[in-house]
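To start, the structure itself, in C-alpha cells.
Laid out in C-alpha cells, this is it:
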C-alpha cells in the first residue's frame, strides 16, 4: 500500500511552494499526499499580492476528515497564518500518534510576511511542543531564538540546540541563506550528537519553495519508514537535485520536483 502523508499548509498559485510543492514532492517520492488548506496565497517568485485565510474550524475539519479517511503515516505543518488556525490544526491532530514535521513559515522569499505577528507566539504554545522536527531557515532560527544574526555553522548549531532543549524536538537548521559556495544544514536531536550535511551551491538559480519542498520531503521519507536522520539526508539530496534541475522560464526559475 502506498504510504500516505498529510500537509497542512497554504496554497501557492505559482505552484513552486506551499501545498502544490508538497503534492509534487510527495508523488515524486512515492507517497500519496493529502492536503488541508490553511490559506490561499496569490504569489509568484519574487512577489506576494494577497493572502486569504480559511476559517480555523474549516482547517480543522479538513485535518480530521483526512485522518479518519486515510492511513496517514506522517504530517507536515507549513504556513498556519494565524494563531486561531495554528491552535485549531493542533487540536485536530491531538490523537495522531505519528511524526509531525513543522516548517515554521514566517516570511516569503520575496520578503513579505506569511503569518500574522501573533502567530509566532502560537507556534511556541501549541505547535512546537507537538513537533517531531522543526525545519527553520537562518532568519526563522534567529527570530525564534531571539539571538543575533547567525554567521557560522557553530552559531547555527548553538541556536538549534536552544530550540531543541526548549521544545524537546529535533531541529534541522537550514544554512541555505548563509553566504559561500557551500550549503551546510545541521540536525540536532535530543540527547544525540549533531549531524551535518554540505552540498555545493548551484550558481545562477533563484527559486522559491525550497523550504516547503524540504519539509514535505522529510515527511514523505518518514511516511516511507525511514528513521529521521536518514529521512533528512535523503531529503536534502532531493532538494539539491530539484534546484540543480530547475525549470528556467523567462524572468524566473522554478524547482523541478521530478525525481532525477
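Numbering (our numbering), first residue to last: 1 to 260. Just so you know, even glycine gets a beta-carbon here, dropped at the ideal spot from N, CA and C.
| query | result |
| --- | --- |
| Pull up the distance between the alpha-carbon of residue 21 and that of residue 197, whole angstroms please. | 23 Å |
| So, using beta-carbon positions, are residue 74 and residue 97 closer together than 8 Å? | no |
| Where do the N-terminal and C-terminal ends of the beta strand (DSSP E) with residue 212 fall, by residue? | Where residue 212 is concerned, there is no enclosing beta strand (DSSP E), although the alpha helix (DSSP H) it sits in stretches over 210 to 223. |
| In angstroms, rounded to a whole number, what distance separates the CA positions of residue 162 and residue 27? | 34 Å |
| With burial defined as no fewer than 16 other Cβ atoms inside 10 Å of the residue's Cβ, what is the status of residue 92: buried or exposed? | buried |
| Would you please state the rounded distance, in angstroms, between the beta carbons of residue 52 and residue 63? I believe it to be under 8 Å. | Not confirmed; about 19 Å, so no contact. |
| Just how far apart, CA to CA, sit residue 192 and residue 165? | 12 Å |
| For residue 207, count neighbouring C-beta atoms within 10 Å of its own C-beta (all shown protein chains included) and say buried if the count is 16 or more, exposed if not. | buried |
| Tell me the residue span of the beta strand (DSSP E) that contains residue 167. | Run containing residue 167: none in the beta strand (DSSP E); it sits in the alpha helix (DSSP H), 153 to 167. |
| Do the region 222 to 240 and the region 78 to 91 make contact, defined as three or more Cβ pairs closer than 8 Å? | no |
| Quick one, are the C-beta atoms of residue 81 and residue 119 less than 8 Å apart? | yes |
| What is the DSSP secondary structure of residue 202, reduced to helix, strand or coil? | coil |
| Our contact map puts residue 240 next to residue 256 with C-beta atoms below 8 Å; I'd like the distance itself, whole angstroms only. | Not really, about 12 Å apart at Cβ, beyond 8 Å. |
| From the DSSP output, read off the bridge partner residues of residue 196. | 186 |
| What is the DSSP secondary structure of residue 123, counted as helix, strand or coil? | helix |
| List the residues that DSSP assigns as beta-bridge partners of residue 42. | 50 |
| Would you mind stating whether residue 45 and residue 252 have Cβ atoms separated by less than 8 Å? | yes |
| Where does residue 103 sit, in a helix, a strand or coil, going by DSSP? | coil |
| Can you tell which of 189, 149, 127 and 30 has the C-alpha that lies nearest to the C-alpha of residue 3? | 30 |
| If distances are taken between C-alpha atoms only, which option among 105, 145, 218 and 42 comes closest to residue 132? | 218 |
| Give the range of the beta strand (DSSP E) segment to which residue 265 is assigned. | Examination of residue 265 is not possible in this model, given that the chain is present from 1 through 260 alone. |
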